[in-house]
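Colleague: Per the working numbering, the very first residue in the sequence shown carries number 2; after that it's consecutive. The beta-carbon is built from N, C-alpha and C at its ideal position, and this holds for glycine as well.
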Amino acid sequence: MHGKCVVRPLVPLLAAVFLSGGALAPSVWPAKPQQEQAGAPGPREGESKELIPRFQQSHGPEIGIIDFYGLRKVSEEAVRRALGVEEGGPLPRSKQEAELAIERIPGVVFARLQAVCCEDGRAILYVGVEEKGAPHFDYRLPPQEQIELPEEVHRTYALFLSALNEAVRKHEIDEDLTQGHSLISNARARSYQERFLVQAKQYLDRLRAVLRRSADAEYRAIAAYVIGYAPDKRAVIDDLLYALRDPDDTVRSNAMRALAAIEVYSRRNPQLGIQIPATWLIEMLNSIIWTDRTTAAVNLVNLTEDRDQETLDRIRERALGALIDMARWKHLPHALPAYILLGRILGLKEDQIRNYWAGEDRLQLVERAAALQADRRKKRE
């Protein structure tokens with residue numbers, strides 16, 4: 002029953018979800034700098050005002066899809082007008098200016114854009130909005146201590162990323178998570194991951210210190226990835242949960258990857274009694290950062306495989322609207338995790354969810370969830 006994928010045959014599209022790019026797909030824009038204000042999604046000081054230098058002459062790749070999340074009272078039309086681009090045209094030249102334009106719409110507190118690859122070779126542009134009074138996911142202030150990563154770990158991770166890029170090009174990205182950490186089918190990338198097993202044991206105390214207290218976001222991101230290779234998986238869960246509120250996007254993504262592997266391991270070894278609390282993953286579904294939402298949704302697909310009703314009830318209570326947004330996305334691999342979670346919240350069996358997904362009108366399931374949300378809203382009023 003338990004194979005090498007993170008999820009079951011219902012969701013084969015997610016098998017490589019924890020690989021390259023720190024997201025479900027490679028990002029077109031560079032990652033954001035660290036946040037400098039606790040709770041905020043991050044100031045834009047120092048962000049590139051262009052997309053990527055190689056796109057400056059062409060104004061970036063053509064947009065294939067524009068999708069949204071976080072819209073409740075503000076209209077999509079108003080956001081599109083402020084955004085100033087449309088499907089078939091280029092991405093905004095300035096990500097920062099486009100976000101600021103959206104934030105000038107009455108009722109909008111924060112806006113964030115995420116461009117990823119690809120729909121038929123064209124960019125997918127996600128537009129996230131946090132409205133006044135909407136659920137808000139808080140981040141910690143960046144730590145300030147000068148704690149360095151062991152040079153051996155830093156060097157191995159750099160070699161691993163190079164090998165991983167090669168593995169993606171060769172389509173050698175099958176991933177075995179059954180031992181509680183990622184082992185990739187590409188031999189070169191896997192050899193570096195096997196070094197992490199030794200390094201995580203040798204440098205565990207340093208990795209913990211870096212993850213929690215280092216001012217260097219790159220070091221923290223590497224520590225979040227490598228610490229998942231520690232021999233005692235239970236011992237690093239608290240460290241990884243702590244990292245879910247790190248102000249850096251890649252730190253959070255790497256921590257979620259590590260937790261996903263531990264969850265697979267815990268299901269295969271129930272006698273160990275390893276438990277991963279879902280609280281922060283559920284809250285991350287309301288993050289304005291696209292990678293937070295999508296990666297948290299994938300983790301929660303795995304955490305709810307046994308249909309724990311308490312967890313599903315908490316997801317429904319805290320993040321039903323966020324899941325509805327995501328399940329409506331047009332790029333199906335990105336919509337699928339939220340879609341599965343909605344089906345489980347509605348009490349559907351896995352084959353019923355699969356039939357809805359494969360049917361002529363896959364949004365029927367989403368509309369059922371939206372009706373549930375509307376009914377809950379009326380009862381509160």
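Using C-beta distances below 6 Å, list every residue in its chain close to Phe56, excluding the 5 sequence neighbours before and after it, in chain order.
Modeller: Here the model assigns Phe56 a pLDDT of 31, short of 50, so the residue's position is not dependable, and the following value carries that caveat. Here the set comprises nothing.
Colleague: Along the alpha helix (DSSP H) that carries Tyr243, what are the first and last residues, could you check?
Modeller: Counting along the chain, the alpha helix (DSSP H) containing Tyr243 begins and ends at 234-244.
Colleague: Hey, how far is the Cα of His172 from the Cα of Ile185?
Modeller: Spanning the two alpha carbons is a distance of roughly 11 Å.
Colleague: For the pair the segment 260-272 and the segment 218-228, tell me if three or more CB-CB distances fall below 8 Å.
Modeller: They do not touch, by the three-pair rule.
Colleague: What's the C-alpha gap between Ile289 and Glu131?
Modeller: Answer to the nearest angstrom: the Cα atoms are 6 Å apart.
Colleague: Within the continuous beta strand (DSSP E) that includes Gln115, where are the two ends?
Modeller: Looking at the DSSP string, the run of the beta strand (DSSP E) that includes Gln115 is 109-120.
Colleague: Given a cut-off of 8 Å on the beta-carbon distance, is the pair Ala79 and Ile106 in contact?
Modeller: The answer is yes: Cβ separation under 8 Å.
Colleague: In whole angstroms, what separates the C-alpha of Asp247 from that of Ile148?
Modeller: Approximately 16 Å, taken between the alpha carbons.
Colleague: To the nearest angstrom, how far is it from the Cα of Arg170 to the Cα of Trp281?
Modeller: Each residue's alpha carbon lies about 33 Å from the other.
Colleague: To the nearest angstrom, how far is it from the Cα of Glu88 to the Cα of Phe69?
Modeller: Each residue's alpha carbon lies about 13 Å from the other.
Colleague: Please classify Glu195 as buried or exposed, where buried requires at least 16 other C-beta atoms within 10 Å of its C-beta.
Modeller: When all chains shown are included, Glu195 counts as exposed.
Colleague: Am I right that Ile228 and Arg209 are in contact with their C-beta atoms under 8 Å? What's the rounded C-beta distance?
Modeller: The Cβ separation is near 7 Å, so the contact holds.
Colleague: Give me the DSSP bridge partner(s) of Ala124.
Modeller: Looking at the DSSP assignment, Ala124 forms a beta bridge with Ile64, Cys118.
Colleague: Over the uninterrupted alpha helix (DSSP H) stretch that includes Asp206, give me the two end residues.
Modeller: Element bounds for Asp206: 205-214.
Colleague: Considering only C-alpha positions, which residue in the set Ala218, Glu152, Arg191 is nearest to Glu167?
Modeller: The shortest C-alpha separation from Glu167 is found at Arg191.
Colleague: Could you check whether Pro93 and Gly85 sit closer than 8 Å to each other, using their CB atoms as the reference points?
Modeller: Contact flag set, yes.
Colleague: Mind checking which residues open and close the alpha helix (DSSP H) that includes His155?
Modeller: Run containing His155: 152-171, per the alpha helix (DSSP H) assignment.
Colleague: Please state the DSSP three-state secondary structure of Gln36.
Modeller: Any answer about Gln36 is weak, because its pLDDT of 40 lies below 50 and its placement is not dependable; what the coordinates show is given next. In the structure shown, Gln36 sits in coil (DSSP, three-state: anything other than H, G, I, E or B).
Colleague: If contacts are defined as beta-carbon pairs under 8 Å, then Asp293 and Arg253 qualify, I think. What distance do you get, rounded to the angstrom?
Modeller: About 6 Å; that satisfies the 8 Å criterion.
Colleague: To the nearest angstrom, how far is the alpha carbon of Phe111 from that of Val199?
Modeller: Going from the Cα of Phe111 to the Cα of Val199 covers about 42 Å.
Colleague: Would Leu304 and Ile277 be called neighbours here (beta carbons separated by less than 8 Å)?
Modeller: Yes; because the gap between Cβ atoms is below 8 Å, this pair is in contact.
Colleague: Go through its chain and collect everything with a Cβ distance to Ser183's Cβ below 6 Å, but skip five positions before and after it.
Modeller: Cβ neighbours of Ser183 beyond the five flanking positions: Glu176, Ala262.
Colleague: I'd like the list of long-range same chain contacts for Arg207, defined as Cβ closer than 7 Å, with 5 residues on each side in sequence excluded.
Modeller: Only Pro151 meet the Cβ criterion.
Colleague: Which of helix, strand or coil does DSSP assign to Ile185?
Modeller: Correct three-state label for Ile185: strand.
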